[in-house]
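In short: position in the sequence shown from 1, add 661, done, that's my numbering.
Backbone N, C-alpha and C define an ideal beta-carbon position, used for all residues, glycine too.
In this text the structure is predicted, and so the values were computed from the model without any measurement.
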Amino acid sequence: MKRSEINHHLRVAEAFFQEHRFHLPPFASWTPETWKEVGKEADEIRQRGLGWDITNLGKGNFDAEGLILFTLRNGDVTQPEDPKCYAEKIMMSGDGQVTPWHFHWFKTEDIINRAGGNLIVELAWATADETGLAETPVNVSCDGIMRTVPSRGQVKLRPGESITLPPKLYHQFYGEPGR
């Protein structure tokens, strides 16, 4: 992506977060000059990859497959002594903009639709060899209520709703088109 495209998407995300009163930490708006000035006190930000990530997932078509996210917390589940062995990210997905199928080996993930339109989350368990999507139904907790969907089934999250995804549960998500 060109820097001008990244900057455009940053401005759109910042405006959206501001409109919906989601406040980011100060380092979200640090300039390259500020990053050069801060020292070891900001090592946690650097080491844990906190901050902005605007990606077209290497596909070259951000509007079709892409994601804007800001990582607020990012722990290391392989380090039991890590006091932050979890992640917290705020993401923005456009209408029909897909974040493709993936799963997490170790972490449980809560996806919470904080604002905007509806978010469609498609679900399937990983096969035993972890190379594909199993055909078994998926039981998943949505705001504390168990739901069952078929493999590759959809859960629609309206603003304020959430879903808890355990390890090895494949998922892809996108903003519901036209919402």
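Straight-line gap, residue i to residue j (C-alpha atoms, nearest Å)
{"i": "leucine 730", "j": "alanine 789", "result": "30 Å"}
{"i": "glutamine 815", "j": "lysine 697", "result": "45 Å"}
{"i": "isoleucine 667", "j": "aspartate 714", "result": "9 Å"}
{"i": "glutamate 675", "j": "leucine 830", "result": "30 Å"}
{"i": "threonine 797", "j": "lysine 768", "result": "21 Å"}
{"i": "threonine 825", "j": "serine 665", "result": "35 Å"}
{"i": "arginine 813", "j": "glutamate 837", "result": "16 Å"}
{"i": "glycine 821", "j": "asparagine 774", "result": "5 Å"}
{"i": "valine 759", "j": "alanine 795", "result": "21 Å"}
{"i": "lysine 663", "j": "methionine 807", "result": "43 Å"}
{"i": "leucine 784", "j": "lysine 701", "result": "41 Å"}
{"i": "tryptophan 762", "j": "alanine 748", "result": "19 Å"}
{"i": "histidine 669", "j": "leucine 728", "result": "13 Å"}
{"i": "glutamate 770", "j": "threonine 716", "result": "20 Å"}
Per DSSP, cross-strand counterpart(s) of residue i
{"i": "aspartate 756", "result": "Gly836"}
{"i": "tyrosine 831", "result": "Ala785"}
{"i": "histidine 763", "result": "His832"}
{"i": "lysine 817", "result": "Ile781"}
{"i": "leucine 685", "result": "Per DSSP, none; premise fails for leucine 685."}
{"i": "leucine 826", "result": "Glu770"}
{"i": "arginine 808", "result": "Val801"}
{"i": "leucine 794", "result": "Ala787"}
Assumed close pair residue i, residue j - CB separation to whole angstroms, cut-off 8 Å
{"i": "phenylalanine 723", "j": "isoleucine 781", "result": "Wrong, their Cβ atoms sit about 18 Å apart, outside the cutoff."}
{"i": "leucine 818", "j": "isoleucine 772", "result": "7 Å"}
{"i": "tryptophan 766", "j": "proline 828", "result": "6 Å"}
C-beta neighbour in chain D for residue i, strict 7 Å
{"i": "glycine 721", "result": "Checking the listed chains, one finds no chain D in this structure; it contains a single protein chain."}
Meets three-Cβ-pair contact criterion under 8 Å: the stretch 700-716 and the stretch 673-688: yes
Touch check for the stretch 791-808 and the stretch 730-749: three-plus C-beta pairs under 8 Å? no
Would you mind listing the alpha helix (DSSP H) stretches within the stretch 688-772 that are 4+ residues and don't spill past its ends, in chain order? 693-698, 704-708
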